[in-house]
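Visitor: The number in my numbering is simply the position in the first sequence, starting from 1, with 2 added.
Backbone N, C-alpha and C define an ideal beta-carbon position, used for all residues, glycine too.
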Amino acid sequence: MSDIVVTLPDGSELSVPSGSTVEDVAYEIGPGLGEDTVGGVVDGDLAGTAEPLEADCELRIITEDSEEYLTVLRHSAAHVFAQALQRRHPEAKLAIGPSTDEGFYYDVAGVDLDADDLEAIEVEMDEIIAADYDIEREEQPREEALAIYADNPYKRDILETEAAGDDPVSFYRQDGWRDLCRGPHVESTGEIGAVELLTIAAAYWRGDEDEDTLTRVYGTAFETESALEEYLERREQAEQRDHRKLGRELDLFSIPDVTGPGLPLFHPNGTRVLRELEAFVDGLNDDRGYEFVETPHLFRTELWKRSGHYDNYVEDMFLLDVKDEEYGLKPMNCPGHATIFDEGTWSYRDLPVRYAENGTVYRKEQRGELSGLSRVWAFTIDDGHLFVQPESIEREVTAILDQIREVLETFDLGYEVAFATRPEESVGSDEIWAQAESQLRDVLADSGLDWELESGDGAFYGPKIDFAFRDALGRDWDGPTVQLDFNMPERFDLTYTGEDNTEHRPVMIHRALYGSYERFFMVLVEHFDGHFPTWLAPEQVRILPISDDNVGYARQVKNRYLGEFRVDVEARSWTIGRKIQQAHDDRVPYMLVVGDDEEAAGTVSVRDRFEAERNDVAVETFREQLRAEVDECRVEPDFVDG
RNA sequence: GCCAGGGGAGCUUGGGUGGUACAAGCACCCGACUUGUAAUCGGGAGUUCGGGGGUUCGAAUCCCUCCCCUGGCUCCA
């Protein structure tokens, strides 16, 4: 048998016989490591201890100390769930049960489960864990495996796809129960310290709407009970920052039944924030040579037929008949902007043309998709469309990424970047795709951003760069985006006259810095836990008179010195402690406490929402520093510290 | 659209699985207190139980149906 070369994480190379398993290699490195091995990562893919290595590869051994250990353990927990399920419901057919970032799930068919079943199954799981069964890998010939799953179309499907080939396939066995599985797994069920089943959902086999509907059970598992409790605790805390909860408490917005689903109302407090957000992004667009345009919310469907939305997107559009003619609320702003461009005649000297609009769009998303402000039926995009020569894509996209970065840095947000390339079905020539993708690649390389390639995930009309935010509950939402479009210019027959005096087709760039205002607002609320930076805060300062006698002075401070800010005077006859409590609850950045002493001295006592205090401050001093904090869009109140 | 869970004062909730909706805290209104850095005290008003239909002498409760919310799935030009 020939040797293969295994490259280890430290760069060293090990020559082993082809067909050696992960565990063999671990023992080769050291007996102690061999003993501790629970699996390996082969060329980036998780593999079991008994995975045979047939070719040169990179290998990292996983032990109980590795990050991946939890992944392995959760996969084993999924098996424990499946065994427990089949103990109680032998008729259940297993489909697929992987681990996820937060735990695991198992898709099953042939059983109806409800919340009570989960509890019973959890008890069964605890028994299996307490029994500490060994988990053993075994190999079966393919024919044998197919026979085992004679009445399980899902496992047979797996055997014919992922596990296709002539080699025997692996099963993992515990207590006489077994499951087709690539592994790896922990050594015995007792290693799973704590499990919890979380929820039931419907899922489609292979994620395909046309395939069978399966029952998906989500759960999570940890090495210890305390780690599980910590996780559940963290989840509860995350729920405290949920924008739907804070939105109500801080009186920012509401989505009442009476107005319809996914149609949010922004209250005065929320609208104050939105207006600052608009002003900020309008400023960025102004600086970068955008022209502002305004378009209506409703167009003849002629326009949507021209843009292609009517063919591809009509299911999600709100349509209405007006005097025997069909109109549609706009799901996107681009057709309007393309039409504005089309109304003009352009020379290459005029390009790029950049249009910006805070445009509200309407998309009839599936009902189950609506969620707070993150997925709604009506939302406003800080939309921008650029009409550029193909050769200037790189320069324009660079400028857009700069804008996006300025936004992200200003708000101190975490994000992930994805570069999505040409899908199988697409419009536009090979040349223009190649040129555009290579330009985007260069831009990304120069940007220094960490990004992931999502090959084939681009829009049919062009490649794109997407930025995603994570909400308080760990879900990712698309935010800023840059998309190239070769389709719309065709459909609208957009042209400009080139240097060579012939007509050329511009490339269109769709871009948004926030994405949707609603969603961005959601991200900010959760990111700051309602503690908006002072420049955004609905109420920036609240003046708290010690007694009713000081209300007059409080109003004077507000009107004479702080008229340029959003300031309220707390005039209720509460104790000062109560007023402070309320201001904290309302997350007002600054409280100015004024009593007889301050009134006599013409000062204020400053307290910020994080409890820091500074007494006997001249009002003018406070005003100046507040001005600077707001102008510089500082994220945290820093008057007291600074 | 699919699966599961849910819907009662403005909010957060406890109780009520066929017999007049029983309530708590906060918020709100009234009164007293005039307060020095994270909830002063007392009183009052407010919910026909998501909508509609059915069964019943009687429905928040049982049945049907619709709406909405939550978590997932799918979708996401």
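Who are the Cβ neighbours of E501 in its own chain at under 7 Å, not counting the five residues just before and after it?
Guide: Cβ within range, chain order: Y350.
Visitor: Helix, strand or coil for M490 per DSSP?
Guide: Note: M490 maps to helix in three-state DSSP.
Visitor: Could you tell me whether the stretch 275–294 touches the stretch 351–364, using the rule of 3 or more Cβ pairs below 8 Å?
Guide: With a cut-off of 8 Å, the stretch 351–364 and the stretch 275–294 count as touching, because enough Cβ pairs lie within range.
Visitor: Measure the C-alpha to C-alpha separation of V113 and T163 and round it to an integer number of angstroms.
Guide: Going from the Cα of V113 to the Cα of T163 covers about 25 Å.
Visitor: Return the chain-ordered list of same chain residues with a C-beta closer than 8 Å to the C-beta of E427, the five sequence neighbours on each side being excluded.
Guide: Cβ within range, chain order: F462.
Visitor: Just the C-alpha distance for S449 and L415, rounded to the nearest angstrom, thanks.
Guide: If you take the alpha carbons of S449 and L415, they lie about 17 Å apart.
Visitor: With DSSP run on the structure shown, which of helix, strand or coil describes G330?
Guide: Strand at G330.
Visitor: Measure the CB-CB distance between I194 and A79 and report whether it falls below 8 Å.
Guide: Cβ distance < 8 Å, so I194 and A79 count as in contact.
Visitor: Of the residues D169, H187, E327 and G167, which one's Cα is nearest the Cα of R175?
Guide: Measuring from the Cα of R175, the nearest candidate turns out to be H187.
Visitor: State the DSSP-derived secondary structure class of G644, mapped to helix, strand or coil.
Guide: Low per-residue confidence applies at G644: pLDDT is 49, beneath 50, and the placement is therefore not dependable enough to give any value.
Visitor: If you reduce the DSSP assignment to three classes, tell me which class I64 lands in.
Guide: In the structure shown, I64 sits in a strand (DSSP, three-state: E or B).
Visitor: E615 to Q627, Cα distance in whole Å?
Guide: For E615 and Q627, the distance between alpha carbons rounds to 15 Å.
Visitor: Do F389 and L496 have their beta-carbon atoms positioned less than 8 Å apart in this structure?
Guide: In contact: L496 and F389 (Cβ atoms closer than 8 Å).
Visitor: What number of angstroms, rounded off, separates the C-alpha of G644 from the C-alpha of G604?
Guide: Since pLDDT at G644 reaches only 49, below the 50 mark, its modelled position is unreliable, and the value read off the structure follows with that caveat. Their backbone Cα atoms lie some 22 Å apart in a straight line.
Visitor: So who's on the other strand from D570, going by DSSP bridges?
Guide: The partner list for D570 (beta bridge, DSSP) reads R544.
Visitor: On the CB-based measure, 16 or more other CB atoms within 10 Å of its CB, does K325 come out buried or exposed?
Guide: Exposed: under 16 other Cβ atoms inside 10 Å.
Visitor: Starting from the N-terminal side, write out each stretch of the beta strand (DSSP E) that is 3 residues or longer and does not extend beyond the stretch 435–459.
Guide: The qualifying runs are 453–456.
Visitor: Would you mind reading off the limits of the beta strand (DSSP E) that contains E615?
Guide: Note, E615: beta strand (DSSP E), E615 to A620.
Visitor: At the level of alpha carbons, what is the spacing between A28 and I64?
Guide: The alpha-carbon atoms of A28 and I64 are separated by roughly 9 Å.
Visitor: Going by Cα to Cα distance, which pick from V74, V8 and G13 is closest to V44?
Guide: It is V8 whose Cα lies nearest to the Cα of V44.
Visitor: Relative to the C-alpha of D214, which candidate in A204, L61, E225 and D134 has its C-alpha closest?
Guide: Closest option to D214, Cα to Cα, is A204.
Visitor: Which of helix, strand or coil does DSSP assign to R589?
Guide: The answer is coil: DSSP assigns R589 none of H, G, I, E or B.
Visitor: Quick one: what's got a C-beta closer than 6 Å to E541's C-beta in the same chain, skipping five residues either side?
Guide: Excluding sequence neighbours, E541 sits near R568, D570 and V590.
Visitor: Per the contact definition of three or more C-beta pairs closer than 8 Å, is the stretch 464–479 in contact with the stretch 320–339?
Guide: Segments in contact, no.
Visitor: Once DSSP output is grouped into helix, strand and coil, what is the label at Y650?
Guide: The structure shown does not extend to residue 650, since the chain spans only 3 to 644, so no value can be given for it.
Visitor: Smallest Cα separation from A573: which of V596, P170 and D444?
Guide: Cα-wise, what sits closest to A573 is V596.
Visitor: Output the boundary residues of the alpha helix (DSSP H) element that contains R524.
Guide: The amino acid occupying residue 524 in the given sequence is Met; Arg does not appear at that position. That run of the alpha helix (DSSP H) goes Y519 to F530.
Visitor: Assuming the contact rule is C-beta atoms closer than 8 Å, L216 and A97 should be a hit. Round their C-beta distance to whole Å, please.
Guide: That pair is a contact at about 5 Å.
Visitor: Could you spell out the range, first to last residue, of the beta strand (DSSP E) harbouring L199?
Guide: Its beta strand (DSSP E) spans residues A196 to Y206.
Visitor: If contacts are defined as beta-carbon pairs under 8 Å, then P385 and N314 qualify, I think. What distance do you get, rounded to the angstrom?
Guide: The amino acid occupying residue 385 in the given sequence is Asp; Pro does not appear at that position. Between N314 and D385 the Cβ distance is about 19 Å, and since that is not below 8 Å, they are no contact.
Visitor: What number of angstroms, rounded off, separates the C-alpha of G167 from the C-alpha of G32?
Guide: The alpha-carbon atoms of G167 and G32 are separated by roughly 33 Å.
Visitor: L87 to A94, Cα distance in whole Å?
Guide: So the two alpha carbons sit approximately 7 Å from each other.
Visitor: Based on Cα-Cα distance, which residue from I131, R580, S101 and N561 lies nearest to E70?
Guide: The shortest Cα separation from E70 among I131, R580, S101 and N561 belongs to S101.
Visitor: Below 7 Å CB to CB, which residues in the same chain sit around V553 once its five sequence neighbours on both sides are set aside?
Guide: Only P547, V571 and A573 meet the Cβ criterion.
Visitor: Between S549, V378, R365 and G192, which has its C-alpha nearest R246's C-alpha?
Guide: Ranking S549, V378, R365 and G192 by Cα distance to R246 puts V378 first.
Visitor: Taking its Cβ as the centre, do 16 or more other Cβ atoms sit within 10 Å of P465, making it buried, or is it exposed?
Guide: P465 is buried by the Cβ-count criterion.
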